[in-house]
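Engineer:
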Amino acid sequence: MNTDDALASWRAEAAAVEGPAVEALGQAALDGAPDDARLRRLAVAAPLLDLAPDARARAVALVRWGLGAGDLARWDAAHAAAELGLAELAPDLLALVAPGAAAPAARGRAAEAFAALAPPAEARARLEPVRVNDPDWAVRRLAGEALRQVEARRAPARGDPFARFRALVRCGRARVEGGSQPLTAQQVAGLGLRLPASYRLFLATACAGGRVVVDDAISLTLTPPATLRAELEAQGPRPDELRRIQEAVWARHVEGERGEPPLDEAHALRLLGERYDRGLVDAELWAYGLLHYEAAFSADDAARARHLVRALDALRAYRALVAEPWEVVDDRLADAEDLVEQEGLRARVGPGEAGLLVVGRWEGVVPLALDLGRPGVARLDPDAAGQPVAGWLAGTLLELLNDPAAHAPGATTTESPAAPSEAAGAFAAVVDRLAQGQAKQAGRAFADALEDEAGPAALEAAAALLCRPDVTPLQAAQLLSSVPMAGDKRSLELAREVLQALPGERAREVVEAAAPHDEDGSQVALLVDAAAGLRKKSHTDAREVAKRTKASRQKAHVRTNKNPFYK
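Each residue of the sequence shown is one higher than the one before, starting from 508 at the first, in my numbering.
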């Protein structure tokens, strides 16, 4: 695959996976009164937007408002105008280029936008004096580069998902310290890392690592890919353990032998998962894929789905790295693809369950992780063992890297106003099931909605549902007990996050309602275990109730059918 084909493929995949969420972000920005946050979201989403006439009119109004606002809004307005092709705003952009009209970064971006939107002859006539005589060097440079594009008769490049990040760097609002130039597409493809298409595109077109400083206010350090790979190779089993597992998998699942001692495949999967679930791809990944594939046929429905999805991801990554045909891999890969497609198993992989790849740190402290199973971006808890997910910073990587300042931990900007209502809509089926008295189906719908939507908006919507006056504390506990699964750390953490999203008093009521039904091995017990790990001070009472319930487990007989929700 040549460079152009690779970039086009990654751009298409990134648009397919993350595009709908980013497009929804941009469309939502057009609803409501103009403000800086809405304009910024429009600028982030602009490369992926295809506006209908009425939406285009609202975009013009929002951008025109921004051109008369503060310097940061003016910069985003010029950027959005260029990316959306709003040629009717060319006169307004030219006015912004004038000395003293705005800060240099906004004036330079306006010069670029004017060159992209105005007729070539007019762009040359208006910007040549700027290139030669403008008092600010940065504006002269940006005007000159824009004119070179005009003279080369190159149409403005649109549809670049990371257009805002690249423009931030180009205009001096962001800088990369101690980093490297973008990699070639061939280098990215050969990294030996399982990366989302959007991050591969970012590495090849925008930045390949280093400390990114935005507006001298926030910074995030992106780990260079070579360093990232070295860190991942140090995870998991020791070299001798890895060799022993590979030999056992070869003997049993390639040669068909049943030698002694038998391999503890569940233990082998846990060890290999520490090595491969974080994104490493090497020539031995086939063993991990085979183990997951074979484990799927002796597991219950939920575990079978997870095994098949992980087998598919691992075998695909191996095949992308090693092109030589091998029926041992190819037959299982084809079968896994058919099963996952026919049964729609991808939707059953919860946030973080397919693996979290730590790609950098905020302000050098808080780990930033990509969800390898879906387009969420998480921050991890650097102070907790195993660094669990502490929160979800953005629904997509495109959104976060194009607008780092608005998504840094502690940022005061809010989510897209469309996000909570969209997440709430996913829980509508839960309310309908409860109204019909279908408790079991309501629990499944609740867990599915929470896993499928992911992110802060889903947590907010789930908490709102559990706080409804027509949902009793016991019903809330029964719904929430549908989330955790035995042996699945992420699902336990997800249940804990929902409890922490509740008011402290409501969380205590939910745990107290669950306590009489706690029995070892039940899903209610898993919920109580999750509640015992609550970390918010406001939830101390709920945590203490959970700890007492957990401690008394097995000390008294509890009259229950494990989980009364499933009777």
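For each residue, glycine too, the CB sits at the ideal point set by N, CA and C. What you are looking at is a predicted structure, and each value in this text was computed from that prediction instead of being measured.
Apart from the five residues on each side of it in sequence, which residues of its chain come closer than 6 Å, Cβ to Cβ, to Leu905?
Structural biologist: Glu525, Val529, Pro668 and Ser705
Engineer: Looking at the structure shown, is Leu556 part of a helix, part of a strand, or coil, going by DSSP?
Structural biologist: coil
Engineer: When you compare the CB positions of Ala536 and Arg548, do they come within less than 7 Å of one another, or not?
Structural biologist: yes
Engineer: Please work out which residues of its chain come closer than 8 Å, Cβ to Cβ, to Val1052, disregarding the five sequence neighbours upstream and downstream, and give them in chain order.
Structural biologist: Arg1015, Val1018, Glu1019, Ala1022 and Ala1038
Engineer: The alpha helix (DSSP H) that contains Gly651, what's its start and end?
Structural biologist: Trp644 to Glu658
Engineer: Could you check what DSSP says for Leu907 in three-state terms: helix, strand or coil?
Structural biologist: helix
Engineer: Following the continuous alpha helix (DSSP H) through Pro636, name the residue where it begins and the one where it ends.
Structural biologist: Pro627 to Asn640
Engineer: Within this structure, are the beta carbons of Val1035 and Asp1027 separated by less than 7 Å?
Structural biologist: For the pair Val1035 and Asp1027, the CB atoms are not nearer than the 7 Å cut-off.
Engineer: Take the Cβ of Asn640 as the centre, count every other Cβ of all protein chains shown within 10 Å, and call the residue buried at 16 or more, exposed below.
Structural biologist: exposed
Engineer: Helix, strand or coil for Val884, going by three-state DSSP, please let me know.
Structural biologist: strand
Engineer: Grouping DSSP H, G and I as helix and E and B as strand, with all else coil, what is Gly679?
Structural biologist: coil
Engineer: Would a C-beta distance cut-off of 7 Å place Ala587 and Val570 closer than the cut-off?
Structural biologist: yes
Engineer: Buried or exposed for Gly950, please, with buried defined as at least 16 other CB atoms from any protein chain shown within 10 angstroms of its CB.
Structural biologist: buried
Engineer: Can you give the beta carbon distance from Val473 to Ala659, rounded, assuming they're within the 8 Å contact cut?
Structural biologist: Because the chain here runs from 508 to 1074, residue 473 falls outside it and cannot be looked at.
Engineer: With 16 as the cutoff for other CB atoms within 10 Å, does Phe709 come out buried or exposed?
Structural biologist: By the neighbour-count rule (16 or more Cβ atoms within 10 Å), Phe709 is buried.
Engineer: Can you tell me which of Pro991, Pro606, Trp644 and Thr691 puts its alpha carbon nearest to the alpha carbon of Ala513?
Structural biologist: If we check each option's Cα against that of Ala513, Thr691 comes out closest.
Engineer: Under a three-way DSSP split, which group does Ala1053 fall into?
Structural biologist: helix
Engineer: Between the Cα of Gln656 and those of Ala562, Val676, Leu675 and Glu635, spot the shortest distance and give me the residue it belongs to.
Structural biologist: Glu635
Engineer: Excluding five sequence neighbours on each side, which residues of the same chain lie with their C-beta closer than 7 Å to the C-beta of Leu603?
Structural biologist: So the list reads Leu574, Arg581, Ala585, Ala609, Ala613, Arg614 and Ala617, once near-sequence residues are dropped.
Engineer: Keeping to the same chain, check which residues put their C-beta closer than 6 Å to that of Asp722; ignore five residues upstream and five downstream.
Structural biologist: Arg680
Engineer: Does DSSP put Asp878 in a helix, in a strand, or in coil?
Structural biologist: strand
Engineer: Here's the rule: buried if 16 or more other CB atoms are within 10 angstroms of the residue's CB, otherwise exposed. What is Asp955?
Structural biologist: buried
Engineer: Relative to the C-alpha of Ala755, which residue among Leu798, Asp784 and Arg868 is closest?
Structural biologist: Leu798
Engineer: Assign Ala925 to one of three DSSP states: helix, strand, or coil.
Structural biologist: In this predicted model, Ala925 has a pLDDT of only 34, less than 50, meaning its place in the structure is not dependable enough to derive any value.
Engineer: Taking only three categories from DSSP, how would you classify Arg1042?
Structural biologist: coil
Engineer: To which residues does DSSP link Ser726 through a beta bridge?
Structural biologist: Val720
Engineer: Quick check on DSSP: helix, strand or coil for Val866?
Structural biologist: strand
Engineer: Take the Cβ of Ala724 as the centre, count every other Cβ of all protein chains shown within 10 Å, and call the residue buried at 16 or more, exposed below.
Structural biologist: exposed
Engineer: Does the beta-carbon distance from Trp869 to Leu727 come in below 7 Å?
Structural biologist: yes
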